[in-house]
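These notes concern the structure reproduced below.
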Amino acid sequence: MKKILFILLILLCMTVCARADVIINEVMASNAVFINGRHDDWVELHNTGTSQVSLAGWHLSNDPYNPLRWAFPEGTVIAKDGYLIVYCAGSGNITDGQKNALYADFKLSAQGDDICLTDPEGNTAAVHFGPQYGNVSSGIPAGADGWHYLETSSPGKANESLYFDDRAQEPVILTTAGFYDDSVQVVISGTEGQDIRYTTDCSTPARTSNLYKGPFTVSKTTVVRARAFADDLLGSTVAGSTYIIDDKPPSPVSVVSIYTDNDYFFSTKSGILVKGSGNVANYDRNWEYPAQIEYFDPDGNRQLVQMVTTRVAGHSSRNLRQKSLSVFARSALGSDTLDCAFFDNREYTSYSAIQLRMTNSDNHSCRMRDAVLGEISDGIGLYYQAGRPIVLYINGKYYGHYNLREKANKDSLAQWEGITDEDVIKGIDIIEGNGLNKSQVIKGSNEDWVELLEFCRKHKLNTEENLQYVLDRVDVDSLFDYAIFSMMINNYDAGNVRYYRFPGGKWKFMLHDIEAGAMNGEETRTVNLILKSRTANIGQYPHTILAALLELPEYKDKFLLRTAEIVENNFLYTRTKAIYDKWYDLLEPLMPRQIQTYPFNKSFTLNAWKTNVNASMTRVRQYPKKVIGDICSKLGVGSADKQKYFGETLELLNTYNVIKK
537 MKKILFILLI
547 LLCMTVCARA
557 DVIINEVMAS
567 NAVFINGRHD
577 DWVELHNTGT
587 SQVSLAGWHL
597 SNDPYNPLRW
607 AFPEGTVIAK
617 DGYLIVYCAG
627 SGNITDGQKN
637 ALYADFKLSA
647 QGDDICLTDP
657 EGNTAAVHFG
667 PQYGNVSSGI
677 PAGADGWHYL
687 ETSSPGKANE
697 SLYFDDRAQE
707 PVILTTAGFY
717 DDSVQVVISG
727 TEGQDIRYTT
737 DCSTPARTSN
747 LYKGPFTVSK
757 TTVVRARAFA
767 DDLLGSTVAG
777 STYIIDDKPP
787 SPVSVVSIYT
797 DNDYFFSTKS
807 GILVKGSGNV
817 ANYDRNWEYP
827 AQIEYFDPDG
837 NRQLVQMVTT
847 RVAGHSSRNL
857 RQKSLSVFAR
867 SALGSDTLDC
877 AFFDNREYTS
887 YSAIQLRMTN
897 SDNHSCRMRD
907 AVLGEISDGI
917 GLYYQAGRPI
927 VLYINGKYYG
937 HYNLREKANK
947 DSLAQWEGIT
957 DEDVIKGIDI
967 IEGNGLNKSQ
977 VIKGSNEDWV
987 ELLEFCRKHK
997 LNTEENLQYV
1007 LDRVDVDSLF
1017 DYAIFSMMIN
1027 NYDAGNVRYY
1037 RFPGGKWKFM
1047 LHDIEAGAMN
1057 GEETRTVNLI
1067 LKSRTANIGQ
1077 YPHTILAALL
1087 ELPEYKDKFL
1097 LRTAEIVENN
1107 FLYTRTKAIY
1117 DKWYDLLEPL
1127 MPRQIQTYPF
1137 NKSFTLNAWK
1147 TNVNASMTRV
1157 RQYPKKVIGD
1167 ICSKLGVGSA
1177 DKQKYFGETL
1187 ELLNTYNVIK
1197 K
């Protein structure tokens, strides 16, 4: 690895400030430590004087030509021998975060940047730094001169850690990670003159960890982590390898191993997988920690090993023994993408995040509905989260069957839409539920959406002007496809309706968390939710746009024709059964151990699981014919028109989907 010489933080200029005892003391420009769901860069100021200093009229900037970019709020003071942190959040990102914290409207570049501190008289102290190591701060060590890398960052405290001007080279674990029938010898290689320290308990190796002296043996499933050190060098990044001994999955599924320091997962004080002792359970907090992940394909070959961050995902599922985890690629830890062909039905192989999903409400039923129903939608044109079954290991321990899922966010939606402009991607609006409340805004704004819903509730679209108002704002094909597919699978969970819009684009719907589909036989429940009168009050489902369009004969015709097309292309039993069977064949060998490890109650047995899967598959088989009848009834389609629109479709359903007695 090419060394980064420590020209990283040098003084550009230093004019005497009105209070020269307030100095820039430490900078983190590539941060992977999260506080309240944020990982902002930060600047630390230190008042080296013997009296408190008011920062009213002072400014901070990353631009020497605009030193007054951000003003300290009135009332900001820094105590004698005190420290003050300013988080560099960037424009538009300073409304939430730590209570009473200071958020500047600029970000720092990890490739190099400037920090300028200007007093009320216009005197400026400035530092310039070059490329930064991920998650490593630079600063002035206590009792030392000049700027150096700090082995341990210390925001708000004196910089008393070891400090260095360069970094050791990451060692290489030569023994192939993966599956072994018996014990295996682990061999590690490093750079001459650098010590290799390693751990087998998932902790991050430190200078005091086991010294590697030669090959060593592991005889049970073990995570080996290794790091290089030298007296004059910052510790290297961390190498990691998982060795799964005599525990290969009994079916050809992928395996994911994720690990980090035990405190991050299991500590009563800070572990995200335990309840903890606070008023709010640890797993209900948005704590996010660095971790390392490995992905092994169904053949057992490791396709990815990478430092990431992770946090608990989901809502009601957080209090279950198995918990879903979101995994994020972060540039501060080496890369802002996970580059791996996780999913067979995706053309792209680069992801900003993935999810290790424990199946939530399907946890003790089928353990596949959300992913299977998403696959059934393939080809319609709606975004859905790709998925595959996996076995998960957390800190070297078997955690059972999970489903690896594409995470629905701005980046995955942009890839789905083929959008690459970063400014466009950042400007996306994503909303859930009926979208009427600010709390339902996941990203961006709901103002245009609320206006659109209300317009359609109050106005007919029988004028060119009114119709064009709607057509300019919503993708009608996406709206129709979502409504039709949701009715065909009886997805009545309106709280998980999601839609999105990129700047300059139209509102589109996506499939998200649809495991409530195919869960029971009340087929008309979703039909009644979606096909309501235009003037009816907006309930959980945002029905008014669809209702307004269906009042127009040409759009009613389009909707009915599209219904027949989706049923014929996506819901014939030969197709849906093949998708269910594929998942069934992969999961069935995993289920005995899954049930033994996570017993729900005495009634949830392997046979019960098989019955649940078959029942779900049968519902998807039988829904279409019933739903077509319900749609015709709701929309006033008579028998003659029903035959016109659905005659051939019903014949196909009678051939393939109707269960013959």
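Everything in the sequence shown is counted per the working numbering, starting at 537 for the first residue and increasing by one.
Where is the CB? At the ideal position from N, CA and C, for every residue including glycine.
Here the structure is a predicted model, which is why all the values come from computation and not from measurement.
From the options, residue whose alpha carbon lies closest to that of residue i
i            : options                   : result
residue 793  : 843, 976, 1154 and 811    : 843
residue 949  : 870, 681, 1103 and 1038   : 1038
residue 701  : 767, 1119, 991 and 871    : 767
residue 1186 : 1160, 1166, 1169 and 1171 : 1160
residue 563  : 687, 743 and 926          : 687
residue 1097 : 922, 1020, 826 and 836    : 1020
residue 879  : 865, 900, 922 and 845     : 922
residue 696  : 1125, 667, 675 and 940    : 675
residue 1122 : 1137, 788 and 849         : 788
residue 1089 : 1046, 1173 and 1042       : 1173
residue 990  : 1071, 1182 and 786        : 1071
residue 978  : 987, 962 and 681          : 962
residue 912  : 1018, 943 and 895         : 1018
residue 1153 : 1042, 1195 and 746        : 1195
residue 738  : 777, 728 and 848          : 777
residue 901  : 1139, 835, 713 and 1083   : 1139
residue 825  : 815, 846 and 806          : 846
residue 1112 : 716, 713 and 1192         : 1192
residue 643  : 819, 657, 804 and 596     : 596
residue 587  : 617, 818 and 605          : 617
Integer Cβ distance of residue i from residue j, believed to fall under 8 Å
i            : j            : result
residue 570  : residue 591  : Rounded, the Cβ-Cβ distance is 27 Å, inconsistent with contact.
residue 584  : residue 560  : Wrong, their Cβ atoms sit about 11 Å apart, outside the cutoff.
residue 891  : residue 860  : 6 Å
residue 969  : residue 1031 : 5 Å
residue 863  : residue 1025 : Incorrect: roughly 28 Å between the Cβ atoms, too far for contact.
residue 866  : residue 568  : 5 Å
residue 1074 : residue 993  : 7 Å
residue 925  : residue 939  : 6 Å
residue 781  : residue 755  : 7 Å
residue 1167 : residue 1103 : Going by Cβ atoms, the distance from residue 1167 to residue 1103 rounds to 11 Å, so no, they are not a contact pair.
residue 1067 : residue 1170 : 4 Å
residue 896  : residue 1051 : 6 Å
Sequence-distant residues of its chain with Cβ nearer than 8 Å to residue i (five each side left out)
i           : result
residue 974 : 982
residue 774 : 706, 740, 741, 761, 762, 763, 828 and 843
residue 956 : 950
residue 772 : 703, 704, 705, 706, 707, 730, 763, 764 and 765
Residue i, enclosing alpha helix (DSSP H) - first and last residue
i            : result
residue 578  : Where residue 578 is concerned, there is no enclosing alpha helix (DSSP H), although the beta strand (DSSP E) it sits in stretches over 577–583.
residue 1149 : 1142–1171
residue 1089 : 1089–1106
residue 1128 : 1127–1133
residue 960  : 958–962
residue 839  : Element bounds for residue 839: not the alpha helix (DSSP H) but the beta strand (DSSP E), 838–848.
residue 1183 : 1175–1192
residue 498  : Residue 498 is absent from the model: the chain starts at 537 and stops at 1197.
residue 1121 : 1109–1123
residue 992  : 983–994
Cutoff 6 Å; reference residue i; Cβ partners in own chain excluding five residues on either side
i            : result
residue 839  : 831, 833 and 876
residue 1085 : 1091
residue 887  : 874
residue 904  : 1119
residue 668  : 565, 566 and 646
residue 868  : 566, 567, 568, 670 and 671
residue 1049 : 1032
Within-9 Å CB hit, residue i to chain D
i           : result
residue 747 : As a matter of chain content, chain D is missing from the structure shown, which is built from one protein chain.
Close beta carbons around residue i, own chain, < 7 Å, minus the five adjacent residues each side
i            : result
residue 1134 : 857, 858 and 936
residue 1036 : 949, 964, 965, 966, 1044 and 1046
residue 758  : 736, 779 and 932
residue 732  : 707, 724, 726, 748, 762 and 764
residue 820  : 854
Limits of the beta strand (DSSP E) - the one that residue i falls within
i            : result
residue 1019 : Here residue 1019 belongs to no beta strand (DSSP E); instead the alpha helix (DSSP H) covers 1012–1025.
residue 864  : 861–864
residue 832  : 825–832
residue 1061 : No beta strand (DSSP E) contains residue 1061, which is instead part of the alpha helix (DSSP H) from 1060–1066.
residue 1051 : Residue 1051 -> no beta strand (DSSP E), and no H or E assigned at all.
Please confirm if the stretch 778–796 is in contact with the stretch 922–935, defined as three or more CB-CB distances below 8 Å between the two stretches. yes
Can we say the stretch 607–622 touches the stretch 634–652, given the rule of at least three CB pairs closer than 8 Å? yes
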